[in-house]
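Protein chains in written order, with our numbering: chain C, 4 to 114; chain R, 216 to 528. From the three backbone atoms N, C-alpha and C, an ideal C-beta is built for every residue, glycine too.
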């Protein structure tokens, strides 16, 4: 599955839709950005509730294409702007990190 | 129109930059030089027409360049009430005019606006000639322009960069709790290394170390600098982070994963979990740290693949 198919497959809200479309091969779930820095390697999607500008910086540094914000956390405008200028997508769901991760795990397992 | 409120600048104890600015700027730097005036022979109606044509609410009355008084919209209304709109303007103008001198600091202009609540002040030179007029609009525009320049200067002073061949040096200044700025150095470093076609793994290691060190200064120190230098000949990237205190009480503890002195707010943003220094050390080839209450310096190096030697074919 490609990243661009995620919003349709998981019923996600597209907050910032300009990003490089790549095949989904890996996901990292964490709310601790230092942990993301340390351990998220070669993944395209970051599942988190940290919706602020620094999440975009961390995503850019570790090469994440899409930030998936859970629990419908509000996404500040400066985060959207930063994401747009860095080409990082922001998707959002009302479900929590556990449920979203589970669904992504199933998608990865079936492909 | 509502009466002009005070300009919300505390002229008694503003920030040093604003103080410097409102004393450095003179009234003549801010005033409008092309003053619409009335002469002694004009009627109140002439004054009113001048206001209407120019979209202003007050006109100085002059004899040559000598200021005699000022006529405002209120004076025009008074004349209308007296059915004297065609009477001489000199009978309705205000004679005791509060004026500014052109070489006074702008701070005077600001405090006059607060003190007298007039919409405008005529400006005289040392020879008592009318040379301009100043309104709150003039002051606001001048202040915005100057503050803009100051911010520009300030931003420029936080970044220094130089390149030599493929190599480069970048330096950023960090400030306490300035999360906006943290990440700028690592982002720029990452771009420069990408342009130089370094392996993604190496770029990632440099980016992680740079970001963690920037973040550490923003979270824990009063501020400092982080410098990145790429030396292709030596085959390494060197990152040096130096802050101005307060120092790490127990360096050995700080190098243990999970040890943290960060506050709740920083933690709520997803940082301050005690992984910064351990992360940095993990991605580095060499790692040195020294700390005292005067400041902490962390110096790390990350090897980059050597240049391909150009062999003769």
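Helix, strand or coil at residue i according to DSSP, with G and I counted as helix
i	result
residue 331 of chain R	helix
residue 526 of chain R	With a pLDDT of 49 at residue 526 of chain R, under the threshold of 50, the modelled position of this residue cannot be trusted, and the question is left open.
residue 241 of chain R	strand
residue 254 of chain R	strand
residue 94 of chain C	strand
residue 491 of chain R	helix
residue 99 of chain C	coil
residue 502 of chain R	strand
residue 461 of chain R	coil
residue 446 of chain R	strand
residue 295 of chain R	helix
residue 509 of chain R	coil
residue 106 of chain C	helix
residue 339 of chain R	strand
residue 278 of chain R	strand
residue 314 of chain R	coil
residue 302 of chain R	coil
residue 514 of chain R	strand
residue 520 of chain R	coil
residue 217 of chain R	Residue placement at residue 217 of chain R is poorly supported in this model, since its pLDDT is 44, which falls under 50; the coordinates still yield a value, given next. It is coil, neither helix nor strand.
residue 234 of chain R	helix
residue 324 of chain R	helix
residue 453 of chain R	strand
residue 112 of chain C	helix
Rounded C-alpha distance that separates residue i from residue j
i	j	result
residue 414 of chain R	residue 444 of chain R	17 Å
residue 272 of chain R	residue 346 of chain R	18 Å
residue 362 of chain R	residue 59 of chain C	29 Å
residue 250 of chain R	residue 374 of chain R	43 Å
residue 90 of chain C	residue 23 of chain C	7 Å
residue 359 of chain R	residue 87 of chain C	29 Å
residue 480 of chain R	residue 433 of chain R	13 Å
residue 283 of chain R	residue 56 of chain C	59 Å
residue 69 of chain C	residue 38 of chain C	17 Å
residue 493 of chain R	residue 499 of chain R	10 Å
residue 36 of chain C	residue 391 of chain R	19 Å
residue 407 of chain R	residue 426 of chain R	15 Å
residue 96 of chain C	residue 53 of chain C	13 Å
residue 399 of chain R	residue 7 of chain C	28 Å
residue 5 of chain C	residue 105 of chain C	18 Å
residue 268 of chain R	residue 94 of chain C	55 Å
residue 246 of chain R	residue 353 of chain R	6 Å
residue 41 of chain C	residue 233 of chain R	43 Å
residue 405 of chain R	residue 418 of chain R	6 Å
residue 469 of chain R	residue 456 of chain R	16 Å
residue 344 of chain R	residue 255 of chain R	16 Å
residue 305 of chain R	residue 277 of chain R	10 Å
residue 473 of chain R	residue 490 of chain R	6 Å
residue 389 of chain R	residue 290 of chain R	56 Å
residue 453 of chain R	residue 420 of chain R	12 Å
residue 263 of chain R	residue 309 of chain R	15 Å
residue 17 of chain C	residue 101 of chain C	20 Å
residue 270 of chain R	residue 325 of chain R	23 Å
residue 219 of chain R	residue 351 of chain R	Unreliable positioning characterises residue 219 of chain R in this predicted model, as indicated by a pLDDT of 48, which lies under 50. A coordinate reading is not provided.
residue 216 of chain R	residue 300 of chain R	Only weak support exists for where residue 216 of chain R lies, its pLDDT of 43 falling under 50; the coordinates are left without a value.
residue 84 of chain C	residue 488 of chain R	27 Å
residue 395 of chain R	residue 403 of chain R	14 Å
residue 460 of chain R	residue 416 of chain R	32 Å
Delimiting residues of the beta strand (DSSP E) encompassing residue i
i	result
residue 345 of chain R	345-350
residue 16 of chain C	16-19
Cβ separation of residue i and residue j, assumed to be a contact under 8 Å, to the nearest whole Å
i	j	result
residue 318 of chain R	residue 241 of chain R	6 Å
residue 335 of chain R	residue 349 of chain R	7 Å
residue 64 of chain C	residue 422 of chain R	4 Å
residue 439 of chain R	residue 508 of chain R	Going by Cβ atoms, the distance from residue 439 of chain R to residue 508 of chain R rounds to 14 Å, so no, they are not a contact pair.
residue 50 of chain C	residue 30 of chain C	6 Å
residue 401 of chain R	residue 429 of chain R	6 Å
residue 298 of chain R	residue 259 of chain R	Rounded, the Cβ-Cβ distance is 11 Å, inconsistent with contact.
residue 338 of chain R	residue 315 of chain R	5 Å
residue 501 of chain R	residue 458 of chain R	Not confirmed; about 20 Å, so no contact.
residue 67 of chain C	residue 107 of chain C	13 Å between Cβ atoms; not a contact.
residue 110 of chain C	residue 71 of chain C	With 8 Å as the limit, residue 110 of chain C and residue 71 of chain C do not qualify as a contact, their Cβ atoms being about 12 Å apart.
residue 377 of chain R	residue 383 of chain R	7 Å
The alpha helix (DSSP H) enclosing residue i, as first and last residue numbers
i	result
residue 281 of chain R	First-last for residue 281 of chain R: 281-287, but that is the beta strand (DSSP E), not the alpha helix (DSSP H).
residue 270 of chain R	First-last for residue 270 of chain R: undefined, no H or E at that position.
residue 417 of chain R	415-435
residue 469 of chain R	466-469
residue 482 of chain R	479-483
residue 13 of chain C	9-13
- Residue ranges of each alpha helix (DSSP H) within the segment 29-79 of chain C, 4 or longer: Here the runs fully enclosed are 36-42 and 56-65.
- 4 or more residues per run - each alpha helix (DSSP H) lying fully within the segment 341-413 of chain R: 351-372 and 399-410
- Task: Taking a Cβ distance cut-off of 7 Å, strictly less, list which residues of the segment 76-110 of chain C are near chain D, in chain order.
- Result: Note that chain D does not occur in the displayed structure, where the protein chains are C and R.
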